[in-house]
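Under my numbering, the residue at position 155 of the sequence shown is numbered 155, and the numbers go up by one with no gaps. Remarks on the structure that follows.
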Amino acid sequence: IFILLGYVVPQFNEMFENVGQALPLSTRITIGTGEFLRDWGWLLAVSTVLGVMALQRQLRNPKQAYRWHQRMLSTPIVGELVLKIEVARFARTLATLLQNGITLLKALTIVGNTMSNRVLATGLERVVGGLREGQSLADPLAEATQFPAFAVHMIKVGEESGNLPEILLQVANTYDRDTQVTLKRALALLEPVLILVLGAIIAAVIISILVAILGINELVV
Numbered sequence: 001i002f003i004l005l006g007y008v009v010p011q012f013n014e015m016f017e018n019v020g021q022a023l024p025l026s027t028r029i030t031i032g033t034g035e036f037l038r039d040w041g042w043l044l045a046v047s048t049v050l051g052v053m054a055l056q057r058q059l060r061n062p063k064q065a066y067r068w069h070q071r072m073l074s075t076p077i078v079g080e081l082v083l084k085i086e087v088a089r090f091a092r093t094l095a096t097l098l099q100n101g102i103t104l105l106k107a108l109t110i111v112g113n114t115m116s117n118r119v120l121a122t123g124l125e126r127v128v129g130g131l132r133e134g135q136s137l138a139d140p141l142a143e144a145t146q147f148p149a150f151a152v153h154m155i156k157v158g159e160e161s162g163n164l165p166e167i168l169l170q171v172a173n174t175y176d177r178d179t180q181v182t183l184k185r186a187l188a189l190l191e192p193v194l195i196l197v198l199g200a201i202i203a204a205v206i207i208s209i210l211v212a213i214l215g216i217n218e219l220v221v
């Protein structure tokens, strides 16, 4: 699309100018967009790079990163996917540490450092504080984090039955499968949407040029 607008479309501009006929609005918009990309495309590229650098700089700030991650969790579909990935990572890592003889308190501290989402990592810090006060794992986990109710319930069952590592592995496997299903559904929906959107844009560009060319032919006739 960038090549079509920035290189192909401007080729017609000289022909249209020589005719001296008023062009349709859609054609003027298409040609104007093409000329802008040809003359100022570098500015868009630089702005994109600067925007990415600014975002990376913000994410290095703990407070800004917390806000970004909080927004991410509240975003439809994306937030659900991120939460499932983080829960699966939490459960699998904690199960592995417990199976290797590490105490629950120390294992939770380690797991908190592996969480990429700062909102969930901060919640785990409060869970660690609750454990130090003599609470169980499931209760503060439900209060301090956005963990799904199913995961919290399974962890509570694991604590009561004394099979917490095995239950955690089951939770991790469940959310890994859910993540794969969600990704497949999202990609299955995204592919036709992208095809339709790209096809509509290209068709609009071609039609806007053809309308102007047909208008010129009628004028010549």
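Just so you know, even glycine gets a beta-carbon here, dropped at the ideal spot from N, CA and C.
Environment of residue i [buried if 16+ CB atoms lie within 10 Å]
i: G123; result: buried
i: P310; result: For the chain, the structure presents residues 1 to 221; residue 310 sits outside this window and is missing.
i: S225; result: With the chain running from 1 to 221 in the structure shown, residue 225 is simply not present.
CA-to-CA distance, residue j to residue i, given in whole angstroms
i: V221; j: W40; result: Model confidence at V221 stands at a pLDDT of 48, short of 50, so the residue's coordinates are unreliable and nothing is read from them.
i: I202; j: L5; result: 9 Å
i: N163; j: L98; result: 11 Å
i: L194; j: E133; result: 52 Å
i: I77; j: R185; result: 10 Å
6 Å Cβ shell around residue i - same chain, five flanking residues per side excluded
i: L189; result: none
i: L94; result: A107, V111 and L168
Whether residue i touches residue j by CB criterion (7 Å)
i: T30; j: V9; result: yes
i: A151; j: V171; result: yes
i: E166; j: S136; result: no
i: K84; j: D178; result: yes
i: L81; j: T182; result: yes
i: L23; j: A200; result: no
i: A88; j: D176; result: yes
i: T109; j: V127; result: no
Proximal residues to residue i (C-beta, below 8 Å), its chain only, five neighbours per side dropped
i: E86; result: M115, S116, N117 and L120
i: G79; result: M72 and L73
Contact set for residue i: own chain, Cβ-Cβ below 7 Å, skip 5 residues either direction
i: L37; result: F2, L5 and G6
i: G34; result: L5, G6, V9 and P10
i: L196; result: none
Is the segment 47-62 touching the segment 141-161, taking contact as three or more C-beta pairs under 8 Å? no
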